[in-house]
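Just so it is clear: in the sequence shown, position 329 is 338 by my numbering, and no numbers are missing.
Beta carbons are placed, not taken as given, at the ideal position from N, Cα and C, and that holds for glycine.
Computed from a prediction, not measured in an experiment: that's the story for all the values here.
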Amino acid sequence: MHLRRVLEQRHAMASLSPISALQLLLVFFICFRHLPNTFVAAKSKVHIVYMGERQHSDPSVVEDSHHRMLADLLGSKEAVAGSILYSYKHGFSGFAAWLTDSQAEMIADYPGVVDVIPNSLMKPQTTHSWDYLGLSYSQGAPNLLSESNMGDGTTIGVIDSGIWPESESFNDEGLGPIPSHWKGTCEPGTNFTSANCNRKLIGARWFIKGLLAALGGPYNATAHSDYLSARDFSGHGSHCSSIAAGSLLKNLSYKGLASGTARGGAPRARLAMYKICWNTLDGLCSTVDMLQAIDQAIYDGVNVLSISISWILPYFYDAGERDTIAIGAFHAVARGITVVCAAGNGGPRPNTLGNTAPWILTVGASTIDRSYPTAITLGNNRTIVGQGLYTGQEVGFAPLVSLQEAGVYGVLASLCTYLPTNDTLMAGKVVLCFASTSGSTQNTSLNASSVVKAAGGLGVIVARNPSHVSLCDDFPCIEVDFNIGIQILTYIRASRSPMVKLSPTKTLVGKPLTGKVAYLSGRGPGPWTPAILKPDVVAPGINILAATIPSDSPLYNGYTFKSGTSMATPHVAGIAALLKALHPDWSPAAIKSALITTASTTDEFGDPILAVGEPNNPATPFDYGGGIVNPNQAADPGLIYDMGLTDYVNYLCSMGYNNSAISKLTEKPSVCPSKRPSILNINYPAITIPNLRTSVTATRTVTNVGPVNAVYNASIECPHGVKVAVRPRVLAFNSTTKKLSFKVTLSSTRKTIGYYYFGSLSWIDGKHVVRIPISVKTEIIPSYVDSA
C-alpha cells in the first residue's frame, strides 16, 4: 500500500488572498499546457523515490545506495549522473530523478521503496500583535518572552521565498556566538555571499532543481526580478521571517500608523532561510525542492520549521496523495522538530484547509484588537467608518459615483475588476465599486485605485467581503463590507447630486475591538481525516506590519502590511521557539498540546470569539481549533496530551497502512494489531466524532508537567444532543504517578441526522484549565413514513 493512502490529503490554497476556481483552472492550464514543448514532449519526468527512514547513519552511505538503485534501473552509473537531482539522506531516505512512467512503475516495486511521487508545484501563503498575545516587551514583564530569554538558543527554519538580509529586522545586535551544534551554512549566489549572514541569520540555502524540471528549461532570474540565491524576490519570506524571530526595533510605524516596537515572537532565536519559491507564475515552489529543504533543515539543526506554503491546486486529485510536506514533516517531528504550517486561505467555507497531518501544527488566521478606521461622510451628513491606510490630506466633499448608476455601462461596471480605464466619468470624483466574492480582494482594491487614480479620480470606496485593509499607497482607498456598500449605493440612487468626504486614517487599539477568526482562514473539518481536528489553533494574521524587500509596494522604511495564514504561521513558530527554549525536553506534540489546551475561546470581555463571515457567528473548533493562541498560558499548561512515534504508527495503522510500509517509513519493526486501531483513540488534544450512530468510547492519556502533587477534576460541556461520560472523573498525580489515562464515552440522544455540535472537556485543578474541544456529528439513519 502506498504512502499516499495514509498521509493527510488536499491542501487549501494559501496565497496572500483566496483565488477563484476560474483562476485556479487558468493556473493549471498555464502550468501544464503552455510550458515549453521540450517539457510537454519529454518522455521523462522528475519523480521522488521515497524510501522512508534512513537505513544507515552515514549520509554518504545512504546516497551511495540511491545511486546503486538508480544505476540498476537505468543500466549504468553514467546514466545516473544525468538523471538524479537530489539525494535525500539526512532526515529520511530517497531521491529525486528523471524517470519515464514505466521506469517509475518499475522502481516502485524495488525493495525499500515506499512510494514514487511525481514532481508538482505549490505556492506560498500569503508589531502590536505580540502585545495583543500578552508578550509585551517591557522590563520586568513576567511572561513567556522574558522567562524563555526571548527564545535564545533556538533556531527557526523558514521555508519560503528567500530573505532580505539587509533588513534591520535581521541585525544581530546583542546576540552571542552561533550555537556550536549548528551545521548549516550560507550558500553563495546572485547578490548573496556568506557575509550576508550573521549571528541572527545563521543559515541560507536555495533549491531550484525541481522547479527547473517542471519548467522544462532554464530560469532567467533577472528577467523575473529574482535572484539565483537565497535573496528574497517578493517580500513574503522576509515578512514571515521577521514575524517569527525579527530583532527588536523601537518606534516603527507605517507613515504614523500602527506605531510601536516591531519584533519577532522569539527575537533572540536564530534564523535559517531555505528558499524554494521562485518568481514565476506569481511564485511557484516544487515538491522536489520542498523535500530537499526539509531534509537539509533536519541536518542543519533547526528546532522549529515554519512553512507558509501549500498546493497550487487544492482540489487537484493528486495533491493529497503526494503530500511531500506531510512526508518531510513526519521525519522532522520524529527528530524533535516542531513543524508549523499554514491552514490556507480558503475560508470561510468548510473543508477548505490544508496541511492536516496529525504531526503538523496547523495554524489559521485571526484578527487583532487593532484597526485603521477611515471616516466616510456622505452628503446627507451620515458618517460611515471604513478601513484604510490613507495618510494624505482630507478629500473634501466631492461628487460620488457608481458607474453602473451613471447609465453608460451595464451591471459589470459596478464591479471593481471591470472599471473602464481613463474614463472621464471618474475624473474629479470618488468612485464606489464592488469586489467579486471570489478572487483576491487585496489585488482588486489595488487595481481599482490604480484605475481611478489614472482617470483623474479623487478616491475609491471598495465594498467587499471582510478580510484586511488594502494598501493603496498615497491614494484614498477605503474598504467597507458589502452591507455598507449597499447603503452607500442606496444613497447614490436617492440623491440628485451625491457627495462624499474622505478623512485620513487613524489607528484604534483595544476597546471595543476584539480578535476574531479571519474571513479568509481555512476552515475544517479536514475532508480526508475528519476525526483529526484541524486547524489546531489560530493566531494573528491580518494587517501584520513586518519586514519586506525594498522593491515591495507599498513600502515605508522597509516594512509593509501583509495578511493571510502565511502571517499567522510564523507567529506560532515564534511561540513554539519560546516554549522550546523554556522546556527543552518537550516534544513537538507537547508544544502543540500546550497551545491547543490553553488557547482562548472567549475575548477579554468574556464573550465568545466570533468568526468573520456572512454573517459573523460564534466561532467553532472548525474555525479556530482550540482557539486563539495564548502563549503565557501555554508556558504552564498543567497537563499535556503527548504523542510520539508509537502514536503516529497507530494513526497509520488506523488509516490502513500495512506493517511492511510502516517499517520502511520508520525503519523500526512495526506491527499493527490484528484489529485495526480506532482513529478516535489517537492521543490528540481534541475529540472529533464525524459519524456518531449510537455510542463510542475514546481513550486519552495526559502527562503532568505542573506541580508534582496535583488533583484534576473533569468539567464537561456536552455538545447538543450528545451525552458525555468521563471515567474516571478525578485524576490524582504524585511523584510516582505522572501519566494517567481516562475514557470518554459519547452517546447520541438524537433520532435524526444532525449537524456538527460542539462542546469541551476540561481538567481543572484550581489553577490550570486543560481544555480540549469536542466535535460530534450524529449519523442516525432516518425513518421514512409512507404518507400516502
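Selection from the options that minimises the alpha carbon distance to residue i
| i | options | result |
| --- | --- | --- |
| H340 | A472, G103, G397 and V125 | G103 |
| L184 | E196, Y236, T164 and P549 | T164 |
| I773 | T655, N626, S458 and V711 | V711 |
| A444 | S458, M435 and E87 | S458 |
| N713 | K732, I698, N743 and P737 | N743 |
| R702 | W368, S757 and S315 | S757 |
| G821 | P579, L370, A555 and C681 | Limits of the chain in this structure are 10 at one end and 797 at the other, which puts residue 821 out of reach. |
| N659 | N690, P534, A644 and A643 | N690 |
| H580 | S602, G373 and L740 | G373 |
| A366 | V342, G647 and T386 | V342 |
| G246 | F216, Y283, G219 and K218 | Y283 |
| L654 | E114, E62 and S411 | E62 |
| V440 | G466, I698, T578 and D616 | G466 |
| M664 | G647, P686, P678 and S679 | P686 |
| R344 | L498, V311 and D73 | V311 |
Other residues of its chain near residue i: CB distance less than 8 Å, five sequence neighbours each side excluded
| i | result |
| --- | --- |
| N180 | N207, K209 and S256 |
| E403 | K510, L511, S512 and P513 |
| S506 | G388 and P408 |
Contacting residues, own chain, Cβ-Cβ under 7 Å from residue i (five flanking each side not counted)
| i | result |
| --- | --- |
| A734 | T754 |
| D483 | G401 |
| Y764 | K786 |
| T738 | According to the sequence as given, residue 738 is Arg; it is not Thr. Contacts found: N722 and A723. |
Cα-Cα separation, residue i to residue j
| i | j | result |
| --- | --- | --- |
| P544 | T574 | 11 Å |
| P323 | A352 | Residue confidence for P323 is low, a pLDDT of 44 falling below 50, so the modelled location carries little weight and cannot support an answer. |
| V348 | G273 | 18 Å |
| R780 | S769 | 7 Å |
| E676 | H777 | 39 Å |
| T194 | S238 | 13 Å |
| R277 | P186 | 12 Å |
| G388 | P513 | 18 Å |
| I725 | F767 | 11 Å |
| I649 | F242 | 41 Å |
| F570 | F406 | 29 Å |
| A540 | F631 | 12 Å |
| I688 | P359 | 21 Å |
| A271 | A472 | 31 Å |
| I558 | E175 | 9 Å |
| N692 | S609 | 21 Å |
| L674 | V123 | 7 Å |
| Y528 | V89 | 49 Å |
| L82 | Q112 | 7 Å |
| N552 | S66 | 45 Å |
| K525 | R502 | 34 Å |
| K462 | G468 | 7 Å |
| A598 | L79 | 37 Å |
| T746 | D656 | 21 Å |
| G292 | V167 | 16 Å |
| E114 | A106 | 13 Å |
DSSP beta-bridge partners of residue i
| i | result |
| --- | --- |
| S411 | Beta-bridge pairing links S411 to no other residue. |
| Q396 | P382 and E488 |
| R214 | Y283 |
| S724 | S771 |
| W191 | Note: W191 sits in no beta bridge, so no partner. |
| G244 | Answer is none; G244 lacks a bridge partner. |
| T787 | L701 |
| L314 | G166 and V348 |
| A780 | One detail in the question is off: residue 780 reads as Arg in this sequence, not Ala. S771. |
| I126 | I57 |
| Y765 | K786 |
| G337 | Bridge partners of G337: none, in fact. |
| F751 | R709 |
| G226 | Looking at the DSSP assignment, G226 forms no beta bridge with any residue, so it has no partner. |
Below-7 Å beta-carbon distance, residue i vs any chain B residue
| i | result |
| --- | --- |
| C294 | As a matter of chain content, chain B is missing from the structure shown, which is built from one protein chain. |
6 Å CB neighbourhood of residue i in its chain, flanking five on each side removed
| i | result |
| --- | --- |
| T109 | K52 and S53 |
| K218 | L94 |
For this session: List in chain order: all unbroken alpha helix (DSSP H) runs of 4+ residues lying wholly within the segment 481 to 515.
Result: The DSSP assignment places complete alpha helix (DSSP H) segments of no fewer than 4 residues inside the segment 481 to 515 at 491 to 503, in order along the chain.
Problem set entry | Entirely enclosed beta strand (DSSP E) segments - the segment 665 to 722, minimum 3 residues | 696 to 701 and 704 to 713
Exercise. Taking only runs of the beta strand (DSSP E) that begin and end inside the segment 165 to 189, which ones reach a length of at least 3 residues, in chain order?
Worked result: none
For this session: Run through the segment 46 to 122 for me and flag every whole beta strand (DSSP E) of 3 or more residues, listed as ranges in chain order.
Result: 53 to 59, 93 to 97 and 103 to 109
Exercise. Where are the alpha helix (DSSP H) runs, 4 residues long or more, that stay fully inside the segment 559 to 638, in chain order?
Worked result: 574 to 591, 597 to 607 and 630 to 633
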